Structure formats: C-alpha cells, structure tokens
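In terms of the UniProt record's numbering, the sequence shown is residues 1 to 242. Taking it in order: structure first as structure tokens, then the write-up.
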Amino acid sequence: MPRAALRKPNPDLDLSKWLKKPEDLPRELSSQTLFGNDQPLEIEVGSGKGLFIQTESQRCPEHNYFGIEIAGKYAAHAAARLARRNRANAMMLSGDAEPIFASGPRNYAQSPGTPGAPDGGNDGRQAPRIANGSLEAVHVYFPDPWWKKRHRKRRVLSDANIREFSRALRTGGRLHFWTDVLDYFELTVELIAEIAPEFGVPLPEVQRESTHDLDYHTHFERRSRKFGIPVYRVCYRKRDRS
C-alpha cells in the first residue's frame with residue numbers, strides 16, 4: 001500500500017537543529033558529538049513519518065534518538081514533529097544509513113571534502129563512523145522487502161547491514177525488527193541466525209492495545225492493525241561471543 005501524501009512543514013519552522021544532511025554530520029557519530037552528552041544512543045533506520053522517534057524520545061528522555069530516513073520529504077516531516085515539540089534528545093538525518101554504519105571503504109560521504117571523506121592517497125579505510133559497541137539499540141520497523149532478486153542488496157536487513165548493526169551495538173544492546181510481511185519476516189530471522197549468532201534466539205514483542213488514534217509504534221503499524229493485517233515483531237539482544 002503506497003504512503004499517503006504529506007503536508008509540507010511550516011516554512012516558518014526552523015528545522016536546523018533537528019534535520020541534518022550527511023555533510024552536516026561530524027566524522028564520528030556518538031551521543032557526545034550529536035547531542036553533547038553521554039546518554040545511551042539509539043538509531044532508527046527508516047523513520048518514515050517519525051511517529052516512533054517522536055513518541056519514544058518523549059517516553060525515554062534519558063536516551064538519545066537518531067533517525068535516518070532516505071526520503072527527504074519524510075525526513076523533513078519527522079524533523080518537524082521533533083521541532084514543534086522542541087525535542088532535545090532526538091534528530092533526523094535525511095540520507096542513506098549504509099555509509100553511516102559501514103566499517104569498510106564506504107564509511108564516508110561519497111563526495112570528497114565532506115566529513116569523513118578520504119583525502120586521497122588511501123583506500124578510504126578508516127575507523128567506522130559509529131564505534132564498535134557504542135549503540136544501545138537499532139530499530140528497523142516495516143522496511144521495504146525488495147522482493148526482486150536484483151534489488152535484495154537494497155534491503156535494510158541485508159547480510160552486510162546485519163553485521164554492521166551487530167558491530168555497532170554494545171553487548172546487551174537491542175535490535176528491533178517489525179514487519180507485516182510474513183515471508184520476509186521468516187527469511188530475515190533465518191538470515192540473522194545464520195550470520196549473526198551473537199543475537200541468539202529472537203524474543204517476541206507483544207502487541208499492546210492502543211489508547212488513541214496515534215498510540216502506535218509507527219504509522220505502518222497503525223495502518224496494518226486498522227486493516228487487520230498481522231504484524232510480526234522480534235527483539236534481539238546481542239550476546240558476548242567470547
């Protein structure tokens with residue numbers, strides 16, 4: 001089902017504190033460099049309209065939340081939700097999550113001169129932008145399943161991205177994955193078990209009853225439940241592999 005049309009944010013609303021582009025970011029991404037404190041950092045990959053990051057940053061003010069959304073208009077919409085509430089512990093990135101997490105040669109912005117880009121004379125292999133074991137949680141809710149074989153490398157939960165999420169999470173850190181596509185859910189759970197055994201057995205997340213029309217984790221969850229579509233939810237906790 002396609003996404004509904006969005007209203008443009010109020011042009012008088014200053015989004016500069018809440019909406020970032022890749023070139024705006026510091027080389028190293030942490031709570032200290034992004035928010036100026038040492039609170040646990042959680043990242044949502046594919047924030048959509050921003051309902052989760054809005055509600056969770058209010059519910060848990062002692063954590064910081066960094067949302068990544070590749071569609072610029074949705075990133076701006078999510079940032080506007082945060083700006084209207086003057087949320088100090090959350091912000092949005094309008095861009096791709098893969099180079100943000102990558103620990104290989106692509107762990108930098110693609111154009112020379114941007115933060116983290118190689119200066120030439122090397123292959124771009126630097127310390128990852130998100131340090132090993134530095135994240136409290138990674139959230140992936142209702143990602144595009146990309147069914148065509150030639151498109152599978154675009155999946156948020158690809159082999160490479162699962163490894164990077166595990167690398168970035170601390171021992172005991174959480175990976176949340178929800179979808180309303182059963183085949184994709186089963187394939188992804190099998191993939192995680194195969195390539196990231198440190199996540200162990202997936203823990204089911206219980207559906208809770210909503211108390212008002214926006215009392216859902218995300219807008220996709222709201223849509224699925226209103227149409228009677230089952231939602232499949234798991235949470236993983238990273239274990240020490242030693």
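Every residue, glycine too, gets a C-beta built ideally from N, C-alpha and C. No experiment lies behind these values; they were computed from the predicted model shown.
Query, Result
"Buried versus exposed, by CB contacts within 10 Å (16 or more), THR171", "exposed"
"Collapsed DSSP secondary structure at PHE165 in the structure displayed", "helix"
"THR188 versus ARG167, VAL140, PRO22, residue with shortest Cα-Cα distance", "VAL140"
"Start and end residues, alpha helix (DSSP H) containing GLY72", "72-84"
"Closest Cα partner of ALA72 within the set ARG85, PHE101, SER103, LYS8", "Note on identity: in this sequence residue 72 is Gly, with Ala being the wrong assignment. Closest option to GLY72, Cα to Cα, is LYS8."
"Buried or exposed by the 16-neighbour rule on C-beta atoms within 10 Å, applied to PRO145", "buried"
"Host beta strand (DSSP E) of SER94 (start-end)", "90-94"
"When ASP14, ASN64, GLU23 are compared against SER30, the one with the closest alpha-carbon", "ASN64"
"Cβ distance (whole Å) where MET92 is taken to contact LEU13 below 8 angstroms", "Contact flag wrong, Cβ pair sits at about 13 angstroms."
"DSSP three-state assignment for ILE195, whether helix, strand or coil", "helix"
"Sub-7 angstroms separation of VAL231 and ASP180 beta-carbons", "yes"
"Expected contact under 8 angstroms - CB spacing of residue 246 and ALA168 to nearest Å", "There is no way to answer for residue 246, as the model of the chain reaches only from 1 to 242."
"GLU98, buried or exposed, once every other Cβ within 10 Å from all chains shown has been counted against 16", "buried"
"Length of the line joining the Cα atoms of ASN86 and GLU190", "40 angstroms"
"Terminal residues of the alpha helix (DSSP H) in which GLU56 lies", "51-59"
"Under 7 angstroms between C-beta atoms of ILE70 and ASP96", "yes"
"Alpha-carbon spacing of ASP24 relative to ARG154, whole angstroms", "24 angstroms"
"As assigned by DSSP and simplified to three states, the class of PHE101", "helix"
"Sequence-distant residues of the same chain with beta carbon closer than 7 angstroms to residue 247, five excluded per side", "In the structure as shown, the chain begins at 1 and stops at 242. Residue 247 is therefore absent and cannot be evaluated."
"Sequence-distant residues of the same chain with beta carbon closer than 8 angstroms to residue 243, five excluded per side", "Lying outside 1 to 242, the shown extent of the chain, residue 243 is not represented and no answer is given."
"Coil, strand or helix - ALA137 by DSSP", "strand"
"Supposed contact pair LYS238 and SER166 - C-beta distance, whole angstroms, cut 8 angstroms", "6 angstroms"
"Of the residues TYR184, ASN132, ARG59, PHE177, the one placed nearest CYS235, counting alpha carbons only", "PHE177"
"Beta-ladder partner(s) of LYS20, from DSSP", "LEU93"
"Length of the line joining the Cα atoms of ASN10 and ALA80", "8 angstroms"
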